[in-house]
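Residue numbers (my numbering): 522 to 772. Take a look at the structure below.
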Amino acid sequence: MTDDPGLLRKDARRIAGMFDAIAPRYDTLNHLLSAGFDRRWRTRAIDALGLTGRETVVDLCTGTGDLALSAIRDPAARARRVVGIDFAGAMLRLGAEKQQRHPAGASLRLMRGDASRIPLADASADAVTIGFGIRNVEDPQEACREIHRILRPGGQLAILEFGMPSTAALRGLYRWYFTRLLPRVGRLVSRHAEAYAYLPASVSAFLSPTALSDLLAASGFEDVRAIPLTCGVVYLHLATRRGDQGAAIIV
Ligand SMILES: C[S@@+](CC[C@H](N)C(=O)[O-])C[C@H]1O[C@@H](n2cnc3c(N)ncnc32)[C@H](O)[C@@H]1O
């Protein structure tokens with residue numbers, strides 16, 4: 522997929538620097554390049570959690586906070602509070618601006634931190650979400666261990682990540698779009714040389730939906746499911762931390 526091995530480097534400094542650099546155009550490009558589908562994918566992930574207003578949700582790799590804000594958007598089905606964590610300061614700053622404009626923004630706390638060393642106590646979350654972030658984490662296995670640690674027994678995990686359409690005809694067209702057109706539009710709009718070449722390259726190099734399910738099962742999750750959205754362009758991965766149901770220990 523890529524002749525440049527450096528393109529796939531995922532050390533924290535590089536990934537945070539890349540997202541900091543594209544932060545001002547990140548949301549616009551998300552909506553543009555997904556033709557607005559990104560909002561639906563996030564809504565599906567939050568809906569799957571069946572929130573009742575009592576939960577503490579931790580949104581890892583929260584970026585500019587769109588998935589975190591989705592969890593407090595719907596007054597009928599929102600979390601009691603959401604903690605959004607990311608290591609890219611510029612992404613978080615934009616998230617904080619959106620938080621201030623949001624009527625339920627006080628329910629969101631944004632924190633700087635690494636998904637592989639989550640700065641939260643054991644069993645402190647009722648649910649964890651990650652939108653298009655796990656692929657960027659240098660050691661996804663370590664992140665899964667950390668998610669398992671901070672989730673209470675019975676707590677839920679929802680991960681959104683890119684996939685490939687399962688239908689051959691659609692796959693060909695989508696591959697052309699994803700590997701040819703998207704990087705050009707992304708480079709033009711973001712004015713960043715690599716970020717939108719990194720996107721398809723990192724998707725192609727990342728675990729398949731089945732392999733991610735296997736990793737979740739091996740990390741102590743049960744009821745692991747990978748649900749294709751929009752013909753498999755994106756997968757919603759759902760899993761439950763094994764153990765008895767119960768309230769989160771801290772809030
Ligand atoms: C593609 S963006 C996704 C942002 C947001 N979740 C969304 O749905 O739009 C990926 C984000 O993950 C963050 N990220 C990547 N690896 C991380 C890590 N190990 N710890 C914390 N944040 C990380 C990046 O800084 C970036 O903001």
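From the three backbone atoms N, C-alpha and C, an ideal C-beta is built for every residue, glycine too. Being a predicted model, the structure only gives us computed values, none of them experimental.
If we call anything under 8 Å between Cβ atoms a contact, is residue i one with residue j?
i: R656; j: E682; result: yes
i: P686; j: Y695; result: yes
i: S637; j: A609; result: no
i: G626; j: T585; result: no
i: R601; j: R575; result: yes
i: A732; j: L529; result: no
i: A544; j: H713; result: no
i: K531; j: E715; result: no
i: L720; j: G741; result: no
i: Y547; j: M612; result: yes
i: G676; j: A648; result: yes
i: V745; j: G684; result: no
i: L550; j: S711; result: yes
i: P674; j: G764; result: yes
Between the options, which lies nearest to residue i when the distance is taken from Cα to Cα?
i: L629; options: V578, P686, C752; result: V578
i: V604; options: D580, G626, L588; result: D580
i: R762; options: L672, L631, K531; result: L672
i: A760; options: S555, T751, L750, L737; result: L737
i: F540; options: A556, R614, R594, R561; result: R614
i: V724; options: F558, C752, Y756, P624; result: Y756
i: D635; options: D525, D607, R670; result: D607
i: L691; options: C752, L570, T700; result: C752
i: S734; options: F699, L702, L678; result: L678
i: P640; options: R670, Q620, F699, D568; result: R670
i: C554; options: L728, A739, L702; result: Sequence inspection shows Leu at residue 554; the Cys mentioned does not correspond to that position. Ranking L728, A739, L702 by Cα distance to L554 puts L702 first.
i: D568; options: P749, Q620, A597, W697; result: A597
i: T650; options: R666, W697, L570, G693; result: L570
i: P749; options: R561, Y698, R666, R594; result: R561
i: A556; options: F699, A722, L728; result: F699
Could you round the C-beta distance between residue i and residue j to whole angstroms and report it? I think they count as a contact, below 8 Å.
i: H758; j: I680; result: 4 Å
i: A566; j: G652; result: 7 Å
i: T583; j: A592; result: Not a contact, Cβ separation roughly 10 Å.
Use the C-beta contact count for residue i: other C-beta atoms within 10 angstroms, 16 or more gives buried, fewer gives exposed.
i: A718; result: buried
i: P661; result: buried
i: A768; result: Interpretation of A768 is limited by its pLDDT of 46, a score under 50 that renders its predicted location unreliable; the figure taken from the coordinates is listed afterwards. With fewer than 16 Cβ atoms within 10 Å of its Cβ, A768 is classed as exposed.
i: R563; result: buried
i: P730; result: buried
i: E743; result: exposed
i: R534; result: exposed
i: L709; result: exposed
i: A747; result: buried
i: A537; result: buried
i: I771; result: Note that I771 scores 44 on pLDDT, short of 50, meaning its location in the model is unreliable and no value can be drawn from it.
i: D559; result: buried
i: A689; result: exposed
i: A644; result: buried
i: D587; result: buried
i: G527; result: exposed
i: Q621; result: exposed
i: A739; result: exposed
i: A842; result: Outside the displayed span of the chain (522 to 772) sits residue 842, for which this structure offers no information.
Would you say residue i lies against chain D (beta-carbon separation less than 8 Å)?
i: L750; result: Checking the listed chains, one finds no chain D in this structure; it contains a single protein chain.
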